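Chains as they are written, first to last, in our numbering: chain C, 26 to 166; chain E, 26 to 166.
In this text, a Cβ means the ideal position worked out from N, Cα and C, and glycines have one as well.
All of these numbers come straight from a predicted model, not from anything done at the bench.
Notes to accompany the following structure.
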DNA sequence: ATTAGTGCAAACTATTTGCAATAAG
DNA sequence: CTTATTGCAAATAGTTTGCACTAAT
């Protein structure tokens, strides 16, 4: 695996430690993967990309850990595709655009928008905005 | 079924006609249901609520038609729950809040926000914003 | 030592599909 | 009469779970 930012991996390990969550070999492999691959991946994607190098890896373990990482803020769960969860390895708050033609997901930086603490009396912890339409690339083609 | 707004049903029938889509008995039952029940329903919810009155109704037909209605703008598909699609029978553009404790979904009116036509060169057709947190009711309890 | 994680297979759930019978235009 | 829809059952796909074994603290 190339381009592993060791500092980013350490940061994520620290989060596990803080929560007294054991750092297993498999978890380290997954942390290295997400630290070196910015993008949008399903559990199956990650499993396919890693199973050649780690043939005994189980997809159940990928699911378990990605779900754990999401709860710790190490990855972001996107519910933008109709049939599966997508994990976003880029965790800074940002929005998403899904192309209705090619299905590609684009990161959208958030400008001038502040998350309200309350809406209609409900306490807001976080928010996700999904834009849908036709992407630049598909329009040009 | 009570509180069916006949005008609302007619409006939806008109949309089907405009698209040359046959108005079947089952479709009419579903259109009447969504016209008289403002809220957030899964396909299973709708199936359960209607099957007593229409025992031969099939859940596959509910799925087919809700999906059709969504593509026509007659209902709105929400991907706010982790494992299933929710149909919102309220179609005016609005956002949603999901309580992380009780799971209830609240409609949130959109104020002072205009949908951009373009973002990063991509053409935006529509957008969905989901807020997550603890609802008023759960905080008070 | 103790507690938690892994990998496998089986289970589960939401959704889709194939198809013969039927209804709509 | 022609085309599309219905209802049923079976299939599919994503995700979760039970469990024996193993690894981490």
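Please list, in chain order, the chain E residues whose beta carbon lies closer than 7 Å to that of residue i.
i              : result
residue 127(C) : Correct list: empty, because the minimum Cβ distance to chain E is about 11 Å.
Determine, for residue i, whether the minimum Cβ-Cβ distance to residues of chain E falls below 8 Å.
i              : result
residue 131(C) : yes
residue 139(C) : no
residue 164(C) : yes
So is residue i buried or exposed if we call it buried at 16+ other beta carbons inside 10 Å?
i              : result
residue 50(E)  : exposed
residue 158(C) : buried
residue 137(E) : exposed
residue 127(C) : exposed
residue 81(E)  : exposed
residue 32(E)  : exposed
residue 147(E) : buried
residue 96(E)  : exposed
residue 151(C) : exposed
residue 101(C) : buried
How about residue i: is its C-beta nearer than 8 Å to some C-beta of chain C?
i              : result
residue 113(E) : no
residue 64(E)  : no
residue 117(E) : no
So residue i contacts chain C; which residues on that side make the cut at Cβ distance below 8 Å?
i              : result
residue 145(E) : 122, 131, 133, 161
DSSP beta-bridge partners for residue i?
i              : result
residue 130(C) : 123(C)
residue 156(E) : 152(C), 122(E)
residue 168(C) : Lying before the first or after the last residue shown, residue 168(C) is absent from chain C, which here runs from 26 to 166.
residue 79(E)  : Answer is none; residue 79(E) lacks a bridge partner.
residue 66(E)  : 112(E)
Can you pull the chain C residues whose beta carbon is under 9 Å from the beta carbon of residue i, in chain order?
i              : result
residue 157(E) : 149, 150, 151, 152, 153
Residues in the region 85 to 114 of chain C having any Cβ partner in chain E nearer than 9 Å: 102, 104, 105, 106, 107, 110
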